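See structure below.
Protein chains: 2
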Amino acid sequence: MVNQQKDTETKILDAAKDVFQQKGMTGARMQEIADKAGINKALLHYYYRTKEKLFEKVFNIAFSIFIPKMQEIMLSEKPVFEKIEFFIDNYMDLLTKHPYIPGFVINELNRNPQILVNIFEKNIQIKENKLFEKFDAQIQAEVQKGIIKPIDTRNLMTNVIGLIVFPVVARPIIQGIMFDNDKKQYDAFLKQRKDFVKEFIINSIKV
Amino acid sequence: MVNQQKDTETKILDAAKDVFQQKGMTGARMQEIADKAGINKALLHYYYRTKEKLFEKVFNIAFSIFIPKMQEIMLSEKPVFEKIEFFIDNYMDLLTKHPYIPGFVINELNRNPQILVNIFEKNIQIKENKLFEKFDAQIQAEVQKGIIKPIDTRNLMTNVIGLIVFPVVARPIIQGIMFDNDKKQYDAFLKQRKDFVKEFIINSIKV
DNA sequence: ATACAGTTTAACCATTTGGTCAAAATTAGG
DNA sequence: CCTAATTTTGACCAAATGGTTAAACTGTAT
Numbered sequence: 194m195v196n197q198q199k200d201t202e203t204k205i206l207d208a209a210k211d212v213f214q215q216k217g218m219t220g221a222r223m224q225e226i227a228d229k230a231g232i233n234k235a236l237l238h239y240y241y242r243t244k245e246k247l248f249e250k251v252f253n254i255a256f257s258i259f260i261p262k263m264q265e266i267m268l269s270e271k272p273v274f275e276k277i278e279f280f281i282d283n284y285m286d287l288l289t290k291h292p293y294i295p296g297f298v299i300n301e302l303n304r305n306p307q308i309l310v311n312i313f314e315k316n317i318q319i320k321e322n323k324l325f326e327k328f329d330a331q332i333q334a335e336v337q338k339g340i341i342k343p344i345d346t347r348n349l350m351t352n353v354i355g356l357i358v359f360p361v362v363a364r365p366i367i368q369g370i371m372f373d374n375d376k377k378q379y380d381a382f383l384k385q386r387k388d389f390v391k392e393f394i395i396n397s398i399k400v
Numbered sequence: 194m195v196n197q198q199k200d201t202e203t204k205i206l207d208a209a210k211d212v213f214q215q216k217g218m219t220g221a222r223m224q225e226i227a228d229k230a231g232i233n234k235a236l237l238h239y240y241y242r243t244k245e246k247l248f249e250k251v252f253n254i255a256f257s258i259f260i261p262k263m264q265e266i267m268l269s270e271k272p273v274f275e276k277i278e279f280f281i282d283n284y285m286d287l288l289t290k291h292p293y294i295p296g297f298v299i300n301e302l303n304r305n306p307q308i309l310v311n312i313f314e315k316n317i318q319i320k321e322n323k324l325f326e327k328f329d330a331q332i333q334a335e336v337q338k339g340i341i342k343p344i345d346t347r348n349l350m351t352n353v354i355g356l357i358v359f360p361v362v363a364r365p366i367i368q369g370i371m372f373d374n375d376k377k378q379y380d381a382f383l384k385q386r387k388d389f390v391k392e393f394i395i396n397s398i399k400v
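The listed protein sequences correspond, in order, to chains B and F. My numbering applies: residue 194 is where the first sequence begins, and numbers increase by one. My numbering applies: residue 194 is where the second sequence begins, and numbers increase by one.
This is how it looks when you write it as structure tokens:
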């Protein structure tokens, strides 16, 4: 029955996503995934032959969630300031929905950087798009026009992404040290950071 | 022989540090640590009773490496701009020496946030010092004096630390996407970032 | 009804893994 | 030297873990 199949596969992926993202590849247990999906452990291996294959699927899905929007925004026709503001808005919202993905991706990539190569092979689009080159050209053009200060594009991108991602990835430590481990307070902190980060970046690069 | 003992303990801790920081608590294997230390696995349990205890030791040492300098700088008598520049210089240097620690700490803290509580209990100094309150007072005083723009201290601290730590933690992905996986180029990138980040932050908050 | 393909399960298996233990080796002290 | 304490090791163990298999179940088409 094709409907039941789809349903089982989805249940597995949902459960796998939870467990892998919380415990990582090495900490995840196939039994726990099966339990959380409400199925027999053998069924996991029926749909995804090995732990590695299941992990790969979960990782690719997680990784993909953050790519399309980035391409859309960076390749749009907006001026740089608008792009940055749009980027911050969209990604902070996305992070609210998927707060575990960045830590998960970063951690697994540190464990095995090779994963990235596989992703590039399967999704040439990312590299082939010349995403960086086009954005860089726009930045330098606006520098030339005197709209923004001279700046290295890679440094700017690292800053924008870092200021967005870091407080989510390092949440336990920042929340623990600066917010007395108050979850609600930290959620509010993340929310107000949207405008703060926008201003912080624009302030720094505007002429 | 008390000297041999010290030596064995050091060899164990060195090996454990390498393995734990690269593979994490769940990915590390006691056998691998023993091999790397050049000793029998049973000897690990002779010195540190369990994997958990050994991990705890390694984690605490790693965590401690980044604390003293932070306290020293933040509680010093310099004006804010100088503190920030000093902070960036010192921590980027520290990160060059210990590039794996932040990812390790962040990852393990995501796995088990409880670890922080234990650290606070054993090292009350960190919380008791009113480190944050004092720094906040200085910031707001300089805001009042018109030296820096009005700014929330927690946001500022998050930015400073994030801009320093993020490119190290997310190295595999940034290096892979923006630097064609060229290690040397990325090392150069990190080096030149020191001054870039300083300028970026000062630019943004100066009146 | 029957046969057939796809799905699900319980029971198993081999290996890995953290941990133990008793004996051997080494060291320190009288 | 000899003895007692400390350190180190090889052999071993029980539990956990990823993975397999054969049988049972389910829905469907003939």
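By construction, the Cβ of each residue, glycine as well, lies at the ideal position given by its N, Cα and C atoms. All values reported here derive from a predicted model rather than from experimental measurement.
- Residues of the segment 216-239 of chain B whose Cβ lies closer than 9 Å to any Cβ of chain F, in chain order: 216, 217, 218, 219, 220 and 221.
- By the neighbour-count definition (other C-beta atoms within 10 Å, threshold 16), residue 304 of chain B is a buried residue.
- Looking only at B/359, B/251, B/314 and B/203, the smallest Cα-Cα distance to residue 369 of chain F is reached by B/314.
- In terms of beta-carbon proximity, residue 296 of chain F lines the interface with chain B, with at least one pair separated by less than 8 Å.
- Residue 341 of chain B sits in a strand when the DSSP states are folded into three classes.
- For residue 369 of chain B, the uninterrupted alpha helix (DSSP H) run begins and ends at 364-371, by DSSP.
- For the segment 355-373 of chain B, the beta-carbon criterion of a distance under 7 Å to any beta-carbon of chain F is satisfied by 355, 356, 358, 359, 360, 362, 363, 365, 366, 367, 369 and 371.
- Spanning the alpha carbons of residue 279 of chain B and residue 239 of chain F requires a straight line of approximately 57 Å.
- For residue 257 of chain B, the enclosing alpha helix (DSSP H) covers residues 244-258.
- The contact set of residue 393 of chain F on chain B, defined by CB atoms closer than 7 Å, consists of 352 and 397 in chain order.
- Here residue 346 of chain F has 328, 329 and 332 as same chain residues with Cβ atoms under 7 Å from its own Cβ, once five neighbours each way along the sequence are excluded.
- Looking at the DSSP output, residue 399 of chain F bridges to F/341.
- Taking a contact to require three or more Cβ pairs closer than 8 Å, the segment 294-302 of chain B and the segment 261-270 of chain B do not qualify as touching.
- Here DSSP, grouped into helix, strand and coil, assigns residue 268 of chain B to coil.
- Residue 297 of chain F and residue 260 of chain F have their C-alpha atoms some 15 Å from each other.
- A Cβ of chain F is located within less than 8 Å of the beta carbon of residue 302 of chain B.
- For the pair residue 295 of chain F and residue 355 of chain B, the CB atoms are not nearer than the 8 Å cut-off.
- Following the DSSP letters along the chain, one finds residue 295 of chain F inside the alpha helix (DSSP H) bounded by residues 294-304.
- Taking a 10 Å sphere around the C-beta of residue 397 of chain B, we find 16 or more other C-beta atoms and assign the residue as buried.
- Rounded to whole angstroms, the gap between the alpha carbons of residue 388 of chain B and residue 286 of chain F is 31 Å.
- For residue 348 of chain F, the neighbours in chain B by C-beta distance under 7 Å run, in chain order, 386 and 389.
- Within chain F, not a single residue places a beta-carbon under 9 Å from that of residue 261 of chain B; the smallest gap is close to 15 Å.
- Between residue 201 of chain B and residue 232 of chain B, the beta carbon gap of about 7 Å places them in contact (Cβ cut-off 8 Å).
- If you draw a 10 Å sphere on the C-beta of residue 386 of chain B, you find 16 or more other C-beta atoms in it, and that means buried.
- Within chain F, no residue has its CB atom less than 7 Å from the CB of residue 213 of chain B, the nearest being about 12 Å off.
- Here the alpha carbons of residue 289 of chain F and residue 362 of chain F stand approximately 12 Å from one another.
- Annotation: residue 216 of chain B to residue 229 of chain F spans about 25 Å, alpha carbon to alpha carbon.
- For residue 345 of chain B, at least one C-beta of chain F is nearer than 8 Å to its own C-beta.
- Counting along the chain, residue 277 of chain F sits inside the alpha helix (DSSP H) bounded by residues 273-290.
- Taking a C-beta distance under 8 Å as the contact criterion, residue 339 of chain F and residue 219 of chain B do not qualify as a contact pair.
- Classified as buried, residue 364 of chain B has 16 or more neighbouring CB atoms from the shown chains inside 10 Å of its CB.
- Taking C-alpha positions only, residue 357 of chain B is separated from residue 245 of chain F by approximately 33 Å.
- The closest CA to that of residue 250 of chain F, considering only F/207, F/334, F/341 and F/353, is found on F/207.
- Nearest to residue 379 of chain F by C-alpha distance, out of B/367, B/351 and B/291, is B/351.
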